[in-house]
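>
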Amino acid sequence: MAKVILFDLDGTLLPMDTEAFVKNYLKELAPRVAHIIDPNEFIQALLAGTDAMLKNLDATKTNEQVFEETFLSITKLAREDIWPTLDDFYEKVFPTFSHLCQPTNTAREILEEALSQGYRLAVATNPVFPKAAIYHRLTWARIDDIPFELVTVYEESIYTKPHKEYYQYICDKLNVHPQDCIMVGNDKQEDLSASQIGMKTFLVEGCVIDRGEPKYPIDDQGTLEQLLEKLKNNQGLFSKVAMK
493 MAKVILFDLD
503 GTLLPMDTEA
513 FVKNYLKELA
523 PRVAHIIDPN
533 EFIQALLAGT
543 DAMLKNLDAT
553 KTNEQVFEET
563 FLSITKLARE
573 DIWPTLDDFY
583 EKVFPTFSHL
593 CQPTNTAREI
603 LEEALSQGYR
613 LAVATNPVFP
623 KAAIYHRLTW
633 ARIDDIPFEL
643 VTVYEESIYT
653 KPHKEYYQYI
663 CDKLNVHPQD
673 CIMVGNDKQE
683 DLSASQIGMK
693 TFLVEGCVID
703 RGEPKYPIDD
713 QGTLEQLLEK
723 LKNNQGLFSK
733 VAMK
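Heads up, the final residue of the sequence shown is numbered 736 in this note's numbering, and it's a clean run with no missing numbers.
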């Protein structure tokens with residue numbers, strides 16, 4: 493069976509300053525719901541809903557369900573009061589944020605090389621955004637036509653990074669063992685936590701996020717360009733010996 497490479501998206505396949513991106517996202521979104529709810533109250537409820545997703549370990553609820561329950565209970569709104577406005581934002585406004593990213597052709601080259609070598613591919617982005625927002629970012633990265641076997645989005649996923657349950661969920665969906673997977677990402681806590689269940693990890697340099705603790709093992713690291721060369725030359729984690 494071909495081995496699996498899981499790729500983070502923001503800061504990995506799509507280089508960006510994630511903190512700056514989120515600040516712009518909130519700045520643009522809040523005023524657009526002002527006719528429904530006070531923007532400050534909206535932001536507080538949005539962050540509370542996101543926090544609930546990040547903490548949730550209930551396997552019976554998708555991340556969307558967890559967010560919705562928390563958000564609506566705080567705002568006292570009905571779903572139909574605000575969801576159409578949010579959907580419209582993701583369809584029409586969110587795509588204009590592409591200028592905050594620095595897409596690179598190297599990402600596509602990596603994915604095409606991996607496919608040519610028989611690797612199975614998945615996008616293991618933290619599923620706290622709707623599918624529309626995640627697929628817009630795949631488009632910005634110019635990789636939306638790559639045949640990923642799984643893209644984790646909040647409507648369909650359970651659990652979030654850095655929980656080990658998130659990575660086990662992906663393995664279960666793909667019917668693979670953690671030992672058959674390599675997690676490639678730029679976040680030392682969220683992405684490298686995949687090592688907790690036995691996945692190998694590759695830290696992508698350039699947009700590294702490091703909160704200090706906890707610390708997880710790094711099996712290999714380098715820039716996207718170095719990752720591509722290692723993949724082409726079957727070096728490091730991508731050597732045929734390493735993956736046996």
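Built from N, CA and C at the ideal position, the CB exists for glycine as well.
Just so we're clear, the structure is a prediction, and the values are computed from it rather than from any experiment.
1. Near Pro587, what residues of its chain come up, given a Cβ to Cβ distance below 6 angstroms and the 5 sequence neighbours on each side ignored?
2. Assuming Cys663 is part of the beta strand (DSSP E), what are its boundary residues?
3. Taking three-plus beta-carbon pairs below 8 angstroms as touching, is the stretch 526-538 in contact with the stretch 633-649?
4. CB-CB under 7 angstroms to Ala606, same chain, minus the five flanking residues each way: which ones, in chain order?
5. To the nearest angstrom, how far is the alpha carbon of Thr510 from that of Pro595?
6. Cutting at 8 angstroms between CB atoms, please list the residues of its own chain near Pro531, excluding the five before and the five after it.
7. Need the endpoints of the alpha helix (DSSP H) that Val696 sits in, please.
8. Could you round the C-beta distance between Phe694 and Gln713 to whole angstroms and report it? I think they count as a contact, below 8 angstroms.
9. Let me know the secondary structure DSSP gives Gln681 once reduced to three states.
10. Tell me whether Phe499 sits in a helix, a strand or coil according to DSSP, three-state version.
11. If you draw a straight line from the C-alpha of Phe589 to the C-alpha of Phe581, how long is it?
12. Taking only the alpha-carbon atoms, compute the straight-line gap between Phe534 and Gln718 and give it to the nearest angstrom.
13. If you pair each beta-carbon of the stretch 682-690 with each one of the stretch 559-576, do three or more pairs fall below 8 angstroms?
14. Going by DSSP in three states, Gln713 sits in which element: helix, strand or coil?
15. In whole angstroms, what separates the C-alpha of Thr617 from that of Leu506?
By the coordinates alone:
1. His628
2. First-last for Cys663: 656-666, but that is the alpha helix (DSSP H), not the beta strand (DSSP E).
3. no
4. Ile497, Leu613, Leu723
5. Straight-line Cα distance between these residues: approximately 13 angstroms.
6. Ala522, Pro523, Val525
7. Run containing Val696: none in the alpha helix (DSSP H); it sits in the beta strand (DSSP E), 692-696.
8. 6 angstroms
9. It is coil, neither helix nor strand.
10. Three-state result, Phe499: strand.
11. Distance from the CA of Phe589 to the CA of Phe581, rounded to the nearest whole angstrom, comes to 12 angstroms.
12. 42 angstroms
13. no
14. strand
15. 11 angstroms
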